[in-house]
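Colleague: Questions regarding the structure given below will be posed in turn.
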Amino acid sequence: MKKICRIGCVGLLSDLPLYVAHARGLFVEQGIEVALSTELGWASVEARLSSGKLSAANVPALMPLALAAGLGKSALPLHAIAPTSYQGQAIVLSTRAHALLSNAARPATPVRIGVESPYAFSTYFLQSWIKRSHPTWADRITTMPIAVSQAIDLLKDGHIHGLCCAEPVCRVATTEGVAITLTRSSELFPGHLESLLACTENFLSTDEAAVRRIAAAIETARQYCARPENQPEALRIFLEQKSAIITSSSAVPGALGGDLELSRLIRFEAASPAAPAAGLGAVEPLIAATLALPGVRVSESDLRQAAGKIFAPLRTKPPVTA
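The sequence shown begins at 2 in this note's numbering and counts up one residue at a time.
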């Protein structure tokens with residue numbers, strides 16, 4: 002019986018290449034049987050990768066480096082095998098929180114901003130934006146790691162006052178009328194790598210051929226998603242998944258429907274044609290972002306050494322057909 006490769010995700014727009022590859026039979030064309038497993042958040046993804054229940058997952062681009070830097074619950078070695086999306090983050094605040102932060106007087110309690118995880122790009126993005134655009138807000142804000150599937154409910158209930166996370170969560174929050182958009186990661190870090198497909202070291206070492214075939218299917222799907230004429234179909238496939246993020250709000254179909262220009266929220270084409278095949282152009286910013294995160298327990302030289310191993314699979318072109 003053919004082995005089933007289980008690939009994890011959390012149901013974000015960055016997962017479109019996975020959903021498209023599965024729905025359009027691209028894994029089957031590569032001779033691989035894949036089951037997609039939608040998790041509630043990144044902690045669950047990390048735990049299931051660590052336990053071997055997942056062979057690979059679509060993860061924040063910082064996650065493999067952040068785990069190598071000691072920021073996760075495990076020292077799980079991951080290997081980047083395919084880029085999946087670029088840009089795709091936003092910062093939103095409730096109107097009340099924005100008014101409190103804009104007031105000269107310090108809020109009685111810090112404004113709580115929900116972020117995806119300690120190892121998502123959102124933490125670095127938020128820190129950088131505050132430092133550049135609103136330095137006086139630095140001691141008025143505290144961050145709170147959240148499961149992205151619960152973000153909208155947490156914002157509605159007042160447990161958090163804003164979000165810095167991946168789409169479509171922020172888009173849904175503004176469509177619901179519970180938040181306003183302050184900025185997007187494309188404005189501060191144009192072309193940044195948002196997410197990538199990563200596999201466990203065990204999967205890479207025991208079945209490298211399968212890893213390369215999965216990477217080929219994902220690359221074909223990513224290129225499909227990058228073409229504007231295909232994006233309505235890609236969004237239709239996305240909405241059919243019924244992930245916790247999609248079912249968390251009745252506003253999701255409206256937020257992603259109509260005349261939405263998907264490239265305003267996220268992109269699937271690399272800034273440089275060489276970047277997807279070689280994994281180049283994205284690694285240096287990821288190293289810098291990881292080193293800037295609180296709690297890093299490795300030196301820059303050690304992190305660079307880890308990056309060489311993490312991104313090595315991206316430097317070899319995968320097969321295109323079965």
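All residues carry an ideal CB built from backbone N, CA and C; glycine is no exception.
Among the residues of its own chain, which have a CB less than 6 Å from the CB of V46, if the five just before and after it don't count?
Modeller: Closer than 6 Å at Cβ, skipping near neighbours: G9, E40, A58.
Colleague: Which same chain residues, not among the five before or five after I131, have their C-beta less than 6 Å away from its C-beta?
Modeller: If we look at I131 and ignore the five residues flanking it on each side, its Cβ neighbours are W138, A139.
Colleague: So for S95, helix, strand or coil by DSSP?
Modeller: Coil.
Colleague: According to DSSP, simplified to helix, strand and coil, what is V170?
Modeller: Residue state, collapsed to three classes: helix.
Colleague: Taking the alpha-carbon of V112 as reference, which of H162, P78, A105, V35 has the nearest alpha-carbon?
Modeller: With distances taken between Cα atoms, V112 lies closest to H162.
Colleague: Quick check on DSSP: helix, strand or coil for T207?
Modeller: Residue state, collapsed to three classes: helix.
Colleague: I'd like the list of long-range same chain contacts for V29, defined as Cβ closer than 6 Å, with 5 residues on each side in sequence excluded.
Modeller: Nothing listed; no residue qualifies.
Colleague: Which residues in the same chain have their Cβ closer than 7 Å to the Cβ of G73, if we skip the five residues on either side of it in sequence?
Modeller: Cβ neighbours of G73 beyond the five flanking positions: E47, A67, Y120.
Colleague: What's the C-alpha gap between L266 and A217?
Modeller: One C-alpha to the other measures close to 25 Å.
Colleague: For D303, does the count of other Cβ atoms within 10 angstroms reach 16, so buried, or fall short, so exposed?
Modeller: With fewer than 16 other Cβ atoms within 10 Å, it is exposed.
Colleague: Take R141 as the anchor and find which of R172, S118, A109 has the nearest alpha-carbon.
Modeller: The shortest C-alpha separation from R141 is found at A109.
Colleague: Mind checking who V112 pairs with in its DSSP beta bridge?
Modeller: Answer by DSSP bridge pairing, in chain order: I142.
Colleague: If distances are taken between C-alpha atoms only, which option among G42, A70, I238, Q242 comes closest to V60?
Modeller: The shortest Cα separation from V60 among G42, A70, I238, Q242 belongs to G42.
Colleague: Relative to the alpha-carbon of R97, which residue among A245, K157, P233, L77 has its alpha-carbon at the smallest distance?
Modeller: If we check each option's Cα against that of R97, K157 comes out closest.
Colleague: Would you list, in sequence order, the uninterrupted beta strand (DSSP E) runs of no fewer than 3 residues that lie entirely inside the region 8-88?
Modeller: Fully enclosed beta strand (DSSP E) runs of 3 or longer: 34-39, 57-61, 79-87.
Colleague: Tell me, to the nearest whole angstrom, how far the beta carbon of I92 is from that of L183; I am working on the premise that it is less than 8 Å.
Modeller: Confirmed, Cβ separation roughly 5 Å.
Colleague: My output table needs one value for I153: the three-state DSSP class, helix, strand or coil.
Modeller: In the structure shown, I153 sits in a helix (DSSP, three-state: H, G or I).
Colleague: Mind checking E188: buried by the 16 CB within 10 Å criterion, or exposed?
Modeller: E188 is exposed by the Cβ-count criterion.
Colleague: Confirm, please, whether the CB-CB distance from L17 to A235 is below 8 Å.
Modeller: Going by C-beta atoms, A235 is nearer than 8 Å to L17.
Colleague: Restricting to Cα atoms, I'd like to know which of L50, I5, V11, L19 is closest to V35.
Modeller: When only C-alpha atoms are compared, the closest one is I5.
Colleague: In angstroms with no decimal places, state the Cα-to-Cα distance between I33 and I311.
Modeller: About 23 Å.
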